[in-house]
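Remarks on the structure that follows.
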Amino acid sequence: MGETIHAGGCVCGDIRYTVTGDPDIVVVCHCEWCQRRTGSAFAMIPKWEQSSFALTAGLLTTYRTFNDSGRWLDLQFCARCGTNIGFTQERRATAQAIDAGTLDDPSIIDRDKHDFRYIYVRSHQDWTEIPKGEAVYDGGLPDDVSEPPPKRQ
Ligand SMILES: [Zn+2]
Ligand SMILES: [Zn+2]
Numbered sequence: 003m004g005e006t007i008h009a010g011g012c013v014c015g016d017i018r019y020t021v022t023g024d025p026d027i028v029v030v031c032h033c034e035w036c037q038r039r040t041g042s043a044f045a046m047i048p049k050w051e052q053s054s055f056a057l058t059a060g061l062l063t064t065y066r067t068f069n070d071s072g073r074w075l076d077l078q079f080c081a082r083c084g085t086n087i088g089f090t091q092e093r094r095a096t097a098q099a100i101d102a103g104t105l106d107d108p109s110i111i112d113r114d115k116h117d118f119r120y121i122y123v124r125s126h127q128d129w130t131e132i133p134k135g136e137a138v139y140d141g142g143l144p145d146d147v148s149e150p151p152p153k154r155q
């Protein structure tokens, strides 16, 4: 059965990967840590099960960091050009997070189709807009993401 395969990679081309099918969640993260690691205003992070992710060229370099609750998070990047590819984390160790801008076609991430969660909006830059009526969290995601999200008024 044909699930669509999406390719992506880093700016120098050493790292290439594929993800298969739709992401099971799409996190738009406004935390200060993501602002720093991406060098941007927020992070756009679709997540797939690791079984749907395949590295097709190159080797990811990882940097392990620990969050406030002491759980590990491994940043993955290209050692040659420094592009952030994504990360894995202890909180949900079966998932592969992808920095969406590394997809060859980032427009496959679709707000009408995918489960978007806007997190750490307490630290969003005030010129970024949080869409009304979406799943918005002041801080991080709960461990059980099937909990109904709080809604922005
Ligand atoms: Zn590269
Ligand atoms: Zn973040």
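Those letters in the sequence shown? Residues 3 to 155, by the working numbering. Yeah, the Cβ is synthetic: ideal placement off N, Cα and C, and Gly gets one too. Predicted model, so just to flag it, every value in this text is computed and none were measured.
To the nearest angstrom, report how far apart residue i and residue j are at their CA atoms.
i, j, result
"residue 69", "residue 75", "7 Å"
"residue 57", "residue 44", "25 Å"
Taking the beta strand (DSSP E) that residue i belongs to, which residues open and close that run?
i, result
"residue 8", "7-11"
"residue 28", "27-31"
"residue 97", "97-100"
"residue 20", "18-22"
Excluding the 5 residues flanking residue i on each side, which residues of the same chain have their C-beta closer than 8 Å to its C-beta?
i, result
"residue 73", "91, 92 and 93"
"residue 40", "86 and 101"
"residue 141", "121, 122 and 124"
If you count every other CB in all the chains shown that lies within 10 Å of the CB of residue i, and 16 or more means buried, which is it?
i, result
"residue 104", "buried"
"residue 119", "buried"
Which residues in the same chain as residue i place their Cβ atom closer than 6 Å to its Cβ, once the five residues preceding and following it in sequence are excluded?
i, result
"residue 50", "21, 25 and 98"
"residue 126", "32"
Please list, in chain order, all residues of the same chain as residue i whose beta carbon is under 7 Å from its beta carbon, the five residues on each side excluded.
i, result
"residue 156", "Given a span of 3 to 155 for the chain in the structure shown, any question on residue 156 remains unanswerable."
"residue 7", "20 and 22"
Quiz item: Can you list the beta strand (DSSP E) stretches of 3 or more residues lying completely in the region 40-89, in chain order?
Solution: Listed in chain order, they are 45-51, 55-59, 63-68 and 74-79.
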